[in-house]
Amino acid sequence: MTAAPGDHDGGSQGDSGNGGAGAEAAFAPAAALESAAFPPLVRALAVVIVAGLAAFALWSLPALQGAQWTFASLATFGLAGVLIAWVGWWMVFSRTRFIADDGLLVQTWLWDKRVRAADVASFKIVHWPWLSGVIAPRILLRRRGGGITWVHAADAGLLVGFGECVVRQGAGVAPGAPRG
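Using my numbering, you'd call the opening residue of the sequence shown number 88 and step up by one each time.
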């Protein structure tokens with residue numbers, strides 16, 4: 088059984104038996120938040136779709152072997168399969184991490200997305216709680232240099248934390264400073 092931070096069952100957690108460093112860590116602000124980039128249902132759908140396409144390709148293999156293939160058509164077919172598998176992989180294993188001390192938001196994806204709070208000119212969080220099982224909460228970031236970046240996180244609280252960091256940064260408060 089795992090205990091939530093701050094829970095204490097009287098067991099030995101440190102040399103003194105009163106919680107030691109574990110109790111101090113329970114009251115310290117979180118330095119980093121991390122979640123999957125997409126909700127579990129979306130990740131499961133990605134697996135089902137990629138597996139279904141692979142099964143259909145295997146089922147179609149006898150018919151495809153009888154066709155006359157040029158190099159270009161074979162390469163296109165193969166590249167499409169690789170891209171479908173690659174996107175499916177990243178939908179399942181993509182993670183979003185907010186490092187509060189650095190004011191940095193990172194999403195692993197086909198290419199990693201990295202945004203510092205100091206580089207954000209404006210942002211908008213798009214989240215429909217009643218659809219969060221199938222549509223991941225996301226944040227639209229407009230950068231000071233003119234670029235736009237979408238970052239997804241299954242946990243909307245992570246995006247809200249980054250938004251608060253952007254607001255504090257605009258107010259002249261250091262990224263790792265406590266709220267107050």
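From the three backbone atoms N, C-alpha and C, an ideal C-beta is built for every residue, glycine too.
Counting along the chain, no alpha helix (DSSP H) covers I222, and no H or E run does either. About 6 Å separates the beta carbon of V202 from that of T236, a gap short enough to meet the 8 Å contact definition. With three or more CB-CB distances shorter than 8 Å, the stretch 178 to 185 counts as touching the stretch 237 to 251. Excluding the 5 residues flanking it on each side, G250 has same chain C-beta neighbours closer than 8 Å at F210, I212, I226, in chain order. With respect to Q256, A204 sits close: the two C-beta atoms are nearer than 7 Å.
Put simply, the backbone Cα of V134 is about 35 Å away from that of D206. For the pair V129 and G175, the CB atoms are not nearer than the 7 Å cut-off. Between P126 and G244, the CB-CB gap reaches or exceeds 7 Å. Counting C-beta atoms within 10 angstroms of its own C-beta, V253 has 16 or more neighbours from the protein chains shown and is therefore classed as buried. Assigned with DSSP and collapsed to three states, W173 falls in helix. For A144, the closest of L218, A172, A124 by C-alpha to C-alpha distance is A172. Assignment of W156 by DSSP, reduced to helix, strand and coil, places it in the coil class.
In summary, A124 is buried, with 16 or more beta-carbon neighbours lying within 10 Å of its beta-carbon over all protein chains present. Pairing L132 with A141, the inter-Cα distance amounts to about 14 Å. In the structure shown, T183 adopts extended strand secondary structure according to DSSP, grouped into three states. Shown here for W196: same chain residues with a beta carbon closer than 6 Å to its own, the five before and five after excluded, namely W177, S181 in chain order.
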